[in-house]
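Engineer: Sequence order for the protein chains is A and B. Each residue of the first sequence is one higher than the one before, counting from 1 in our numbering. Each residue of the second sequence is one higher than the one before, counting from 1 in our numbering. Idealized CB from N, CA, C, for every residue including glycine. Since this is a predicted model, take the numbers as computed values, not measurements.
Protein chains: 2
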Amino acid sequence: MIRATHLPTARPTYPAARLVSIERRRRGRRYADVVPQIRLALAQVDPTVGDIAGNADMVVAWTRHAAERGAHLIAFPEMMLTGYPIEDLALRPSFVEASAAAVETLATRLAFEGLGELAVIVGYLDRPTGRLPADAAAFLYRGAVVARYAKHHLPNYGVFDEYRYFSRGDRLAVVRHLGVDIAMTVCEDLWQDGGPITAAKHATVGLVVNINGSPYERGKHGVRLQLAQRRADEAGAALAYVNMVGGQDELVFDGDSLVVSTTGAVLARAPQFDEGLVVVDLGLPQASDDRVGTVDVSDGTHMAVERIDLRTAPIPAYDAAAAGIAERLAPEAEVYSALVVATRDYVRKNGFRSVVLGLSGGIDSAVVATIAADAIGAAAVNTVALPSRWSSEHSLSDAAELARRQGITHSVVPIADIVDAFEKQLELHGLAAENLQARVRGTILMGLSNEHGHLVLTTGNKSELATGYSTLYGDSAGGFAPIKDVPKSLVWKLARWRNAQATLRGAEPPIPQSSIDKPPSAELRPGQLDSDSLPDYTELDRILDGYVERDLSRDDLVKAGHDRALVDKVVRLVDLAEYKRRQYPPGPKITARNFGRDRRLPITNRWREPRPE
Amino acid sequence: MIRATHLPTARPTYPAARLVSIERRRRGRRYADVVPQIRLALAQVDPTVGDIAGNADMVVAWTRHAAERGAHLIAFPEMMLTGYPIEDLALRPSFVEASAAAVETLATRLAFEGLGELAVIVGYLDRPTGRLPADAAAFLYRGAVVARYAKHHLPNYGVFDEYRYFSRGDRLAVVRHLGVDIAMTVCEDLWQDGGPITAAKHATVGLVVNINGSPYERGKHGVRLQLAQRRADEAGAALAYVNMVGGQDELVFDGDSLVVSTTGAVLARAPQFDEGLVVVDLGLPQASDDRVGTVDVSDGTHMAVERIDLRTAPIPAYDAAAAGIAERLAPEAEVYSALVVATRDYVRKNGFRSVVLGLSGGIDSAVVATIAADAIGAAAVNTVALPSRWSSEHSLSDAAELARRQGITHSVVPIADIVDAFEKQLELHGLAAENLQARVRGTILMGLSNEHGHLVLTTGNKSELATGYSTLYGDSAGGFAPIKDVPKSLVWKLARWRNAQATLRGAEPPIPQSSIDKPPSAELRPGQLDSDSLPDYTELDRILDGYVERDLSRDDLVKAGHDRALVDKVVRLVDLAEYKRRQYPPGPKITARNFGRDRRLPITNRWREPRPE
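1) May I ask you to list, following chain order, the residues of the region 446–463 of chain B that have a beta carbon less than 9 Å from some beta carbon of chain A?
2) Kindly indicate which residue of B:Ala-61, B:Gly-358, B:Thr-185 has the alpha-carbon position closest to the one of Leu-154 (chain B).
3) List the endpoints of the continuous beta strand (DSSP E) containing Glu-306 (chain A).
4) Determine the burial state of Asp-530 (chain A): buried for a count of at least 16 other Cβ atoms within 10 Å of its Cβ, exposed for fewer.
5) Quick check on the DSSP output: the alpha helix (DSSP H) that includes His-153 (chain B) runs from which residue to which?
6) Closest to Gly-236 (chain A) by CA distance: which of A:Ser-257, A:Leu-258, A:Val-223, A:Gly-264 is it?
7) Kindly say whether Ala-32 (chain B), judged by its beta-carbon, lies nearer than 9 Å to any beta-carbon of chain A.
8) Distance cutoff 9 Å, beta carbons only. Does Ile-211 (chain A) sit that close to anything in chain B?
9) Relative to the C-alpha of Asp-364 (chain A), which residue among A:Pro-215, A:Ser-476, A:Gly-114, A:Leu-89 is closest?
10) Return no unless some Cβ of chain A is closer than 9 Å to the Cβ of Phe-76 (chain B).
11) Can you name the residues that DSSP bridges to Ser-411 (chain A)?
12) Taking any Cβ of chain A, which residues in the region 471–486 of chain B have a Cβ under 8 Å from it, in chain order?
13) Could you give the first and the last residue of the continuous alpha helix (DSSP H) run that contains Met-446 (chain B)?
14) At least one CB of chain A closer than 9 Å to the CB of Arg-582 (chain B): is that the case?
15) Taking its Cβ as the centre, do 16 or more other Cβ atoms sit within 10 Å of Glu-117 (chain A), making it buried, or is it exposed?
16) Ile-418 (chain A) touches chain B at which residues, Cβ-Cβ below 9 Å?
17) If contacts are defined as beta-carbon pairs under 8 Å, then Ala-144 (chain A) and Met-303 (chain A) qualify, I think. What distance do you get, rounded to the angstrom?
18) Just checking: is the beta-carbon of Tyr-157 (chain A) within a distance shorter than 9 Å of some beta-carbon in chain B?
19) At the level of alpha carbons, what is the spacing between Arg-441 (chain B) and Ala-379 (chain B)?
20) Please report whether the beta-carbon of Val-297 (chain A) lies at a distance below 9 Å from any beta-carbon of chain B.
21) Is the beta carbon of Gly-474 (chain A) sitting closer than 9 Å to the one on Ala-438 (chain A)?
22) Under the DSSP definition of a beta bridge, which residues are partnered with Ala-138 (chain B)?
23) Would a check of beta-carbon distances place Ser-395 (chain B) closer than 9 Å to chain A?
24) Within this structure, are the beta carbons of Val-335 (chain B) and Gly-246 (chain B) separated by less than 9 Å?
25) Against Trp-607 (chain A), what residues of chain D qualify as contacts under a CB-to-CB distance less than 7 Å, listed in chain order?
26) For Asp-614 (chain B), which of A:Pro-602, A:Asp-51, A:Glu-97, A:Asp-254 has the nearest alpha-carbon?
27) How big is the Cα-Cα spacing for Ala-416 (chain B) and Pro-588 (chain B)?
28) Quick check on Gly-130 (chain B): buried or exposed, where buried means 16 or more other Cβ atoms within 10 Å of its Cβ?
29) Residues of chain A with CB under 7 Å from Pro-585 (chain B), in chain order?
30) Say whether chain A places a C-beta atom closer than 9 Å to the C-beta of Gly-561 (chain B).
31) Since Pro-36 (chain A) sits in a beta bridge, which residues does DSSP pair it with?
32) Measure the C-alpha to C-alpha separation of Asp-541 (chain B) and Arg-224 (chain B) and round it to an integer number of angstroms.
33) According to the Cβ coordinates, are Pro-215 (chain B) and Ile-371 (chain B) closer than 9 Å?
34) In this structure, how does DSSP classify Gly-54 (chain B) when only helix, strand and coil are distinguished?
35) Distance, Cα to Cα, Ala-147 (chain A) vs Val-266 (chain A)?
36) For Tyr-584 (chain B), collect the residues of the same chain with a Cβ closer than 6 Å to its Cβ; drop the 5 residues on either side in sequence, then sort them by chain order.
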């Protein structure tokens, strides 16, 4: 198993596999005389949005790596050359042109660097055929782009807006290489019925390569494997799935690249969240079908089958050995890895070298500090305790203790005098006075950020963000919010899991137990507890999951057994906090629906859930 | 001409018009024996998103108003019952059900209130036919929903994401009423070729009613009129266009409802930005075609023509009088009206009664204060001067003078002691020290907001937002940013225009001339001027228009005559400020591309415009 906090320094290759199984084609097709052999490499890598030159360098480096391992074909993720998602960069003509030109240059360069015999499938942004550009895959061989495929199924739900950006492709390119017919598809092509999978079946291809920019959410790997198996069965072909890893603003990609046989056997599977190469030998049916033409692809459209024969001789099959199949991560490990990778990449890709955050002694900031230290190293993490007149002794000591355990640079900046200076000018009461303290803290952290170049990490969790239990420009200030999509009850689980992992390794648990055990408090007035304003977090998180992630109505929630008055209160809090969420920093999506591009509600909104009698 | 700052208290009716012209049908169709008469009312009104009950009340009230004026048919805007745009509310089953049920209830209620004989076309959200609900129009008559139409063309560009929300309609409902065949269409159905306009032509309808939620941008009214004329010609029918007015988060709707004849003559046109009723008498061809069936609508799809005959006898034509055609507003008047309406509606629809803003003595805050006073009355506007040790005398006096002229409540809160208190705890230099002052001001304004319930207005303009010339949580703090989409050079024009309007009316100009004339400065260090960091605003705004609104490349901009180094600097500033824009409050869109849902770029983005030699 891959450790959640493991950051690869070299480029790992997952166990090189020999041929696993030679499966006879089903569905009454005729068997070929020769079963050819392809050593396939899947590059599970981490491109950066907009960095076309850097991403092209990455393609060359990993292709060399695959060539050294004797691969015949290497596949890179969706939009490898541009990064993904590129959002409105897709509408900028200079960017489209740069990407389309880069794929040509890349083909030449690979040949020039002696890598021309290794066929490369790579995602890029192609010039418009219709009104919009294409989310495309190119097949590079011997210095040329020998085939192109434009994504057919475009996702336009959840975090995806691909009808805004891309024209749909209606041609399936089938490349005959080493005796095998290979079809290229892109991401969503697997998730919707019909389309290129149907065309691939019609064309009797031996291998479907699916390249992805498929964002992580909790437990998605199970759905993904089943889907790959189903589509391999439908296509009557082996299916190779390659996905990127790394963070991009609110998305984090978990990799989970895999190869399944026609019958759904898992031939290889990469670890989640780590960069690396999957290498697997596949025995595949000898290509013999030469049909071209237009196919009804069972989704209300037609696709043209286009054939490109590279005229390379088949390699006969040889014996097989077991492929490398990495274990999936346990639930907490998976989420924690996603947060670490997302934080690491946001810091790194935006050119920061260090972060700063306020440490309250409570659980949220303790977990964020630990994620940050795991992501970029404790030496690059700066924490500040910002005690007010209402802060308790244990707040300061727990904060200091966490920093000590992890070797984090820690300082204390008392805020009482600053708050006093404000209160001399302004008479503030109740909530206004509480918010003032939070904003003084936010201003101090931003000052440290401006002075020293640290990125400010925001420590709010999803339960707070949902209910508006935070201060705009106060505790919500910052550039990146690692646990923005993590419900409070899961924050505790992550803390316990991370401590247990340390104990298993014989290390000191990074988070003081009292930060985990104490009742949560914002400490903005004497003796304040979260439970003064909010229900028990376990109950709250269940209601939020129903209302926010599953669109349940108030009535559904009451029928599910929640207290009527409590449901009303929570729903109202969520509805009224939209304006705060709109100005919140980005943070990684880990649930089926995050606050961000996954859930887009108007601020001006008088809708209130009906209350049937 | 309608004054920009005019807020209607009663419900105005634009000059009631009699029949304007009886146009014989063209394109070789046979002429009817009788030319029937329809008195058509267009309700140019301001619904609120989510307030289904309140919007239904509004339909009843305006229908009664139209009945009193003898109308036979009244049309309301797109999504009248739900408000528009509803964003992800469209995905919430309880909301869809509430809207679909409300349209049935509304039909019954209209009949119960004695308004059943007045036919009503009203926009609402209908239950899903496919995967998603429909952006629909209902035809209500004698207590029943007699016909429904689902929008065929769905916009999915700019600020629109309708593929995310709606299933496309493929049926054209043609209602025969008073001897006339009437087709309903919705908004984008006009903006794209083919579709229901083609089906309406095939069905030889006499009148196309197009209901809209069409957001304002500068000068859009010219395009809109030409489009209505072109589609009337294509349909071979008169065309009635009704649009909403009012603000909804970042969008403002300008009304501009109109009726054109088959030959493109403008029969009636409503003033921009004002609620009111257009009443016009139309002589229209006697319906005689009974074809139904499926039509190829020249956009790659087919639509079914469905006929509903209300069996109401034609009313013979009578003589015509000239219809009311309101003048369009001059360019500055139009933009200023948009900002006033958007600010008024954001305040009102979100339940605020008052606003607060910092008044620096400069042009931006002066214009925002004036917009606020015009929007909600000076008595509800609170301004605060927040002098630092670097603030000049004229800053304070110009701010006080503006407040005096407009009767705004003004106070002064010096920030030097608070800044000192921070600096005792933190050593901040340069930009970090400048930002601190801005954040102290933001914190004070937010404190006043929390204490007194005022909405904080943010005073930044588009040029600043583009280049990142603002402090996160400082001058960018607030709930609504009225001039967020107004380039600095247009801010000056608006100030001069508003003062000139006052002079024309014999009133004192609201903005002190020195606020308009002084060189812009953030006053965050001694003698600081905007021109230390930024180019001349006229030049800057031209480059920004090219880069931001028209997607020109660096090379295009240089070819357009801009200095190479300056272009590089501006492009880089824009690219690097995305993270600030992401946390900026909403403000009204007035240009072809605002910062917000119109322009969606990643924060993590290494793309830099190519610099060809």
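Structural biologist: Let me spell this out:
1) Met-446, Gly-447, Leu-448, Ser-449, Asn-450, Glu-451, His-452
2) Locating residue 154 (chain B) in the second sequence gives position 154, where the first residue counts as 1. Measuring from the Cα of Leu-154 (chain B), the nearest candidate turns out to be B:Thr-185.
3) On the first sequence, residue 306 (chain A) is found 306 positions in, with the first residue counted as 1. Glu-306 (chain A) -> beta strand (DSSP E) spans 302–309.
4) Start at 1 with the first residue of the first sequence, and residue 530 (chain A) comes out as number 530. Its Cβ being crowded by 16 or more others within 10 Å, Asp-530 (chain A) is buried.
5) Walking along the second sequence from the start, residue 153 (chain B) turns up at place 153. No alpha helix (DSSP H) holds His-153 (chain B); DSSP gives it neither H nor E.
6) As a first step, residue 236 (chain A) must be located in the first sequence, where it is residue number 236. Checked all of A:Ser-257, A:Leu-258, A:Val-223, A:Gly-264; the closest Cα to Gly-236 (chain A) is A:Gly-264.
7) In the second sequence, the residue the question calls residue 32 (chain B) occupies position 32. With a pLDDT of 46 at Ala-32 (chain B), under the threshold of 50, the modelled position of this residue cannot be trusted, and the question is left open.
8) By 1-based counting over the first sequence, the position of residue 211 (chain A) is 211. Not one chain B Cβ lies under 9 Å of Ile-211 (chain A).
9) Locating residue 364 (chain A) in the first sequence gives position 364, counting from the first residue. The option with the nearest alpha carbon to Asp-364 (chain A) is A:Ser-476.
10) Start at 1 with the first residue of the second sequence, and residue 76 (chain B) comes out as number 76. Judged by the 9 Å Cβ criterion, Phe-76 (chain B) is not in contact with chain A.
11) Numbered from 1 along the first sequence, position 411 holds the residue referred to as residue 411 (chain A). BP columns for Ser-411 (chain A) point to A:Val-384.
12) Leu-472, Tyr-473, Ala-477, Gly-479
13) Residue mapping note: residue 446 (chain B) aligns to position 446 of the second sequence, counting from 1. Looking at the DSSP string, the run of the alpha helix (DSSP H) that includes Met-446 (chain B) is 430–452.
14) Start at 1 with the first residue of the second sequence, and residue 582 (chain B) comes out as number 582. So yes, Arg-582 (chain B) belongs to the interface.
15) In the first sequence, counting from the first residue as 1, residue 117 (chain A) sits at position 117. Exposed, by the Cβ-count rule.
16) As a first step, residue 418 (chain A) is located in the first sequence; it is residue number 418 there, counting from the start. Ile-418, Ala-421, Phe-422, Lys-424, Gln-425, listed in chain order.
17) As a first step, residue 144 (chain A) must be located in the first sequence, where it is residue number 144. As a first step, residue 303 (chain A) must be located in the first sequence, where it is residue number 303. Not confirmed; about 24 Å, so no contact.
18) On the first sequence, residue 157 (chain A) is found 157 positions in, with the first residue counted as 1. Closer than 9 Å: yes.
19) On the second sequence, position 441 is the one that residue 441 (chain B) refers to. On the second sequence, position 379 is the one that residue 379 (chain B) refers to. Computed Cα separation, rounded: 22 Å.
20) Taking the first sequence and counting its residues from 1, the one referred to as residue 297 (chain A) is at position 297. Cβ-Cβ to chain B under 9 Å: no for Val-297 (chain A).
21) Working through the first sequence from its first residue, we reach residue 474 (chain A) at position 474. Working through the first sequence from its first residue, we reach residue 438 (chain A) at position 438. The answer is yes: Cβ separation under 9 Å.
22) The residue you call residue 138 (chain B) lines up with position 138 of the second sequence. Answer is B:Val-122, B:Arg-148.
23) As a working note, residue 395 (chain B) is residue 395 in the second sequence. Closer than 9 Å: no.
24) Working through the second sequence from its first residue, we reach residue 335 (chain B) at position 335. Working through the second sequence from its first residue, we reach residue 246 (chain B) at position 246. No, Cβ-Cβ distance for Val-335 (chain B) and Gly-246 (chain B) is not below 9 Å.
25) No chain D is present in this structure, whose protein chains are A and B.
26) Residue 614 (chain B) lies beyond the residue range present for chain B, which begins at 1 and ends at 613; the question has no answer from this structure.
27) The residue labelled residue 416 (chain B) in the question sits at position 416 within the second sequence. The residue labelled residue 588 (chain B) in the question sits at position 588 within the second sequence. Each residue's alpha carbon lies about 34 Å from the other.
28) The residue labelled residue 130 (chain B) in the question sits at position 130 within the second sequence. When all chains shown are included, Gly-130 (chain B) counts as exposed.
29) Taking the first residue of the second sequence as 1, we reach residue 585 (chain B) at position 585. Within 7 Å Cβ-Cβ: Gln-583.
30) Counting from one through the second sequence, the residue named residue 561 (chain B) turns up at place 561. It does not; no Cβ of chain A falls within 9 Å.
31) Position 36 of the first sequence holds residue 36 (chain A). According to DSSP, Pro-36 (chain A) bridges with A:Pro-316.
32) Within the second sequence, numbered from 1, the residue matching residue 541 (chain B) stands at position 541. Within the second sequence, numbered from 1, the residue matching residue 224 (chain B) stands at position 224. Answer to the nearest angstrom: the Cα atoms are 26 Å apart.
33) Within the second sequence, numbered from 1, the residue matching residue 215 (chain B) stands at position 215. Within the second sequence, numbered from 1, the residue matching residue 371 (chain B) stands at position 371. No, they are not a contact pair.
34) In the second sequence, residue 54 (chain B) corresponds to position 54, counting from 1. Correct three-state label for Gly-54 (chain B): helix.
35) Within the first sequence, the letter at position 147 stands for residue 147 (chain A). Within the first sequence, the letter at position 266 stands for residue 266 (chain A). Cα to Cα, Ala-147 (chain A) sits roughly 28 Å from Val-266 (chain A).
36) As a first step, residue 584 (chain B) must be located in the second sequence, where it is residue number 584. Contacts found: Ser-476.
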